[in-house]
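In full-length UniProt numbering, the protein residues as written are 1 to 829.
Glycine included, each C-beta is placed from N, C-alpha and C at the ideal position.
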Amino acid sequence: MSEDSPFPQKYDFCTVEKRWQEYWETNKTFRVVEDEAKKKYYVLEMFPYPSGRIHMGHVRNYTIGDVVARYKRLRGYNVLHPMGWDAFGLPAENAAQKHRTHPAKWTYENIAYMKSQLKKLGFSYDWDREFATCDAGYYHWEQKLFLEMYDRGLVYRKITTVNWCDTCQTVLANEQVIEGTCWRCDAFVQPRKMHGWFFKILDYADELLQDLSTLDGWPEKVVTMQHNWIGKSTGLICNFPIEGGDEELAIFTTRPDTIFGVTFMSIAAEHPLVDTLIGGGNREKELRAFIAAIADEKRRRPVTDELDKKGMFTGRYCRNPFNNQRVPIYIANFVLMEYGTGAVMAVPAHDQRDFEFARTYSLPIVPVVIPPDTELDPDQMTAAATEPGRLVNSGTFNGMDSIEAQAAIIVHAEDIGCGTSHTTYRLRDWGISRQRYWGAPIPMIHCPSCGVVPVPLEDLPIRLPDGADTGAEECTPLSRRPDFINTTCPSCGGPAQRETDTMDTFVESSWYFARFACSDNDDAILDRRTDYWLPVDQYIGGVEHAILHLLYSRFFTKVLRDLGYLNIDEPFTNLLTQGMVIKDGAKMSKSKGNVVDPDQLIGQYGADTVRLFSLFAAPPERDLEWNAQGVEGASRFLNRVYRTIAHLAEHRTIAAPAAEPDESDRDLQRKLHQTIRKVSFDIDNDFHFNTAISAVMELFNALSAATDETKPQQATPAVIEEVIRTMLVLLSPMVPHFCSEMWRIMAFTDTLEDQSWPSFDEKTAREDQLTIVLQVNGKVRSRLQVGADISDESLREQAVADANMVRYIEGKAIKKIIVVKKKLVNIVV
RNA sequence: GCGAGAGUGGCGGAACUGGUAGACGCGCUGGUCUUAGGAACCAGUAUCUUUGAUGUGUGGGUUCGAGUCCCUCCUCUCGCACCA
């Protein structure tokens, strides 16, 4: 570049990025409407919680999504790429309290700032579709949906023991309790009895499980996690009559084949029959103390420790309906009230937990299933025998295969009326009640005479009381707001009170992807535009939502389908779970002090450099190690490209097509077509932008060599322009501002947006010179330059005659010559 | 403990169906240009006892040939963790 060049010495990202962002905004370049003539593509990144500012995780997630969106546009798709805000939730209330402001104010200010950050990164969203879930225009429709679900019997209210977080002053769903602590604040969760609203996700448990097999575009890991989370098991519920009363003890087992091996019963300390069993007994005091001790231990149990099997005999017995044997009933610390019936038939010979328990309390062990080629001596056993085998000690079932026996014994239980086959799930119904202010109000009314009455549709939305005064008062739960609570009963007209619980914020995120198809609709939850746009073709987000958000979204999709709003079974055809952004080997966090600020980076290097490095440093599914020098390298690459292009633009000669393309031209064109092939493959296959970028870098290096004025061989201007044009299209999804600007500098007559993704020509991409590797006994000894059309026979001859090879094969008998087409010759001696 | 994934230069990472290990980038070394350069450009860069040998966590196996396939073990990461 000369001194008086019209182009600055250094690529001025600041001016350039602003120019193109304004251009895209004023031209509404990324606005989309349905177009039946075009194939649609819906790419969505998990929307953010408006916490204040975006972090590098967002930058990575949204950059990946943006490249996909821009790439698919170039591929000719009608691309929907929306963005919004997951705006309800606890941090707004905490912040509001701390800063004496209102959660709404705090939230909307955060949204405004974060939106400006996303714009600075040049993401190609259709901003016309934007919404925040705390907009009444959104939760209005969520409330309507709630009422429709209520009509369908998918919503109910019950008193349950809930997970109560004292720090957050709210109830948590099971999914939000991580190893006994709150997912958000890490405080220990307390059990508490409360009214709460529930969604019947269990009604869909089977379908949610079955349809997992259709999710080919999901990482196997996520599918497995959901599979385990649903945790379906089938088996037998069997009633054991309790001696000395009319009560029966119901147990659930997945191993009915071992029922003749029952030697005791284990029940949970919270089991409803515990009072009847031990009440008035002579050891009641002792047992009560034991139960209290278990509860205490449970509350403060170290997170990871396996607890020792402990139990205490209740003094009571029941009878095994299969062999009429007397079975002592124990209270045991390892039995979960929340699963099955809260009581377990203990078969120590074939269940490890029961085995340990039996050894501790010297209870009998009776083997009833003998695995092939095994003998089971109760006194010698060191562990339970859980494998299948043949039944013994099992009355009429002796000799039967244990797998067959499982079914046979269930049939028998049903015949004699003591039990029935049963399916149970680890998954629970979804408790959605939250005792918080900043959430969507649950649209129900409590009337003293009519009971629970739904809010009439015409009264929706039930708005959060916003209150003119700001202040901490706004953050108190709705139950302390008489202006909100007091209403009239829609049924009898008498005074009544509103429900004061708000919905779990996971409700909002369970259907937002559908709302993006028609977010401007003020009259309905959704409309037929969803038929065009849904399902989401590519969903991108962190693996931390593998269970919660993704399972709820699948559930809502099926509910919306059954309510007639959607005609799909699954919301997300393909799922990409991107890795974390880490620095110095650890996840970025304030406490570790290794946080990188996107604003600072963009200010220093520009959005394109940040985007380029995020894509280049690792494939999307892996963790990304942030490296300041690597960012520098990405910036350098863009500057190198810029200087080359600016130089060419300045010294432009009329691009006359070369009459006869010389070797330099052919080499460059070959490289170009190889690059198109590689980049297309890498993106189509698994979004491996890192290798796609490295391919473009190679192309650029080849271009630099072919335009080097100090070298005798240079490519002709026409070819060089062709390469630049194509290279800019290839790079444009990744560094869009940069490519738009280079396109402008090159003064191409057409526009970059109107380009389509380049296709490659196999013939041009084909090498006409090959390097053949020559091996002796599998070790590389020489190389051979040959024409691409060489025959195997001639290769063989040249290999044997090669001077380097001769040294190794001379005087030895050649046993075998292996020729791999166009690759190598291996001579075995 | 169970399940899944991963171990490749100083670093991030490449390597299609077994066929040139280390693409691309960072860093480093030397040089050019400069008053200077943390700018730009050029050259080099797996290791070693360097006509050669050794190298993809360990040890074995299959094969003409193994980072890639099979078995053993080790380490790390992530899920689940008494689900009867």
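Which whole-angstrom value describes the C-beta separation of glutamate 243 and arginine 316, a residue pair presumed to lie in contact below a C-beta threshold of 8 Å?
-> Rounded to the nearest angstrom, the Cβ distance from glutamate 243 to arginine 316 is 7 Å, consistent with a contact under 8 Å.
What residue range is occupied by the uninterrupted alpha helix (DSSP H) comprising tryptophan 229?
-> 220-230
Hey, would you say the C-beta of aspartate 186 is under 7 Å away from at least one heavy atom of the ligand MN?
-> No copy of the ligand MN appears in this structure; indeed no ligand is present at all.
What does a CB cutoff of less than 7 Å around residue 838 pick up in its chain, not counting 5 residues either side in sequence?
-> There is simply no residue 838 to check, as the chain begins at 1 and stops at 829 in what is shown.
Give me whichever residues DSSP pairs with valine 79 in a beta bridge.
-> Paired residues: Tyr41.
For serine 362, which residues of its own chain have a beta-carbon under 7 Å away from its beta-carbon, when the five flanking residues on both sides are left out?
-> none
In whole angstroms, what is the alpha-carbon distance linking phenylalanine 738 and glutamine 755?
-> 16 Å
Just reading off the alpha helix (DSSP H) that proline 717 is part of, what are its end residues?
-> 717-731
When the Cβ atoms of the segment 72-91 are set against those of the segment 566-579, are three or more pairs found closer than 8 Å?
-> The answer is no - the segment 566-579 does not touch the segment 72-91, with fewer than three Cβ pairs under 8 Å.
For the candidate residues Arg766, Leu648, Glu793, whose alpha-carbon lies nearest to that of valine 723?
-> When each option's Cα is compared against that of valine 723, the closest is Leu648.
Starting from glutamine 435 and walking both ways along the alpha helix (DSSP H), at which residues does that stretch end?
-> Glutamine 435 -> no alpha helix (DSSP H), and no H or E assigned at all.
Between the C-alpha atoms of arginine 283 and valine 274, what's the straight-line distance to the nearest angstrom?
-> Each residue's Cα considered, the two are about 13 Å apart.
Could you check the C-alpha separation between valine 507 and tyrosine 552 for me, to the nearest Å?
-> 8 Å
Cα separation between isoleucine 261 and isoleucine 267?
-> In the sequence on display, residue 261 carries glycine and not isoleucine. Distance between the alpha carbons of glycine 261 and isoleucine 267 is about 17 Å.
Mapping DSSP to helix, strand and coil, what is threonine 382?
-> Of the three classes helix, strand and coil, the one that applies to threonine 382 here is coil, per DSSP.
Of the residues Lys779, Pro571, Met727, Asp623, the one placed nearest isoleucine 645, counting alpha carbons only = Met727
Taking one C-beta from the segment 194-211 and one from the segment 425-443 each time, how about it: are there three or more such pairs within less than 8 Å?
-> yes
For the segment 491-511 against the segment 439-457, are there 3 or more C-beta pairs whose distance is under 8 Å?
-> yes
Helix or strand or just coil, what does DSSP make of isoleucine 427?
-> The sequence given here has leucine at residue 427, not isoleucine. In the structure shown, leucine 427 sits in coil (DSSP, three-state: anything other than H, G, I, E or B).
Counting Cβ pairs closer than 8 Å, one from the segment 151-167 and one from the segment 525-538, do we hit at least three?
-> no
Closest by C-alpha distance to threonine 386, when choosing among Lys193, Ser421, Thr374 = Per the Cα distances, Thr374.
Decide if glutamine 775 is buried, meaning its Cβ has at least 16 other Cβ atoms within 10 Å, or exposed.
-> buried
Take every Cβ of the segment 408-421, pair it with every Cβ of the segment 482-501, and state whether three or more of those distances are shorter than 8 Å.
-> no
Along the alpha helix (DSSP H) that carries phenylalanine 556, what are the first and last residues, could you check?
-> DSSP places phenylalanine 556 in the uninterrupted alpha helix (DSSP H) bounded by 548-562.
Could you work out which residue in Arg129, Met46, Val59, Asp216 is closest to cysteine 518 when comparing CA atoms only?
-> Arg129
According to DSSP, is tryptophan 757 helix, strand or coil?
-> Three-state DSSP puts tryptophan 757 in coil, outside helix and strand.
Relative to the alpha-carbon of tryptophan 757, which residue among Thr234, Pro733, Gly493 has its alpha-carbon at the smallest distance?
-> It is Pro733.
Can you have a look at threonine 341 and say buried or exposed, based on whether 16 or more other CB atoms are within 10 angstroms of its CB?
-> Label assigned to threonine 341: buried.
Pick from Trp24, Trp141, Phe7: whose alpha carbon is nearest that of asparagine 521?
-> Trp141
Entirely enclosed beta strand (DSSP E) segments - the segment 484-532, minimum 3 residues = Within the segment 484-532, the runs of beta strand (DSSP E) that reach at least 3 residues and sit entirely inside it are, in chain order, 486-488, 495-498.
Mapping DSSP to helix, strand and coil, what is alanine 346?
-> Residue state for alanine 346 is assigned as strand, using DSSP reduced to three classes.
In chain order, what residues of the same chain have a beta carbon less than 7 Å from the beta carbon of cysteine 318, not counting five sequence neighbours either side?
-> Phe240, Pro241, Ile242, Glu243, Leu249, Met265, Val327, Ile329
Alpha carbon to alpha carbon, how far is glutamate 458 from cysteine 489? Give it in angstroms, no decimals.
-> 14 Å
So, alanine 332 versus lysine 309, is the Cβ gap smaller than 8 Å?
-> yes
For arginine 390: DSSP bridge partner residues | Ile370, Asp401
Nearest-angstrom Cα separation, counted from glycine 606 out to cysteine 14 = 7 Å
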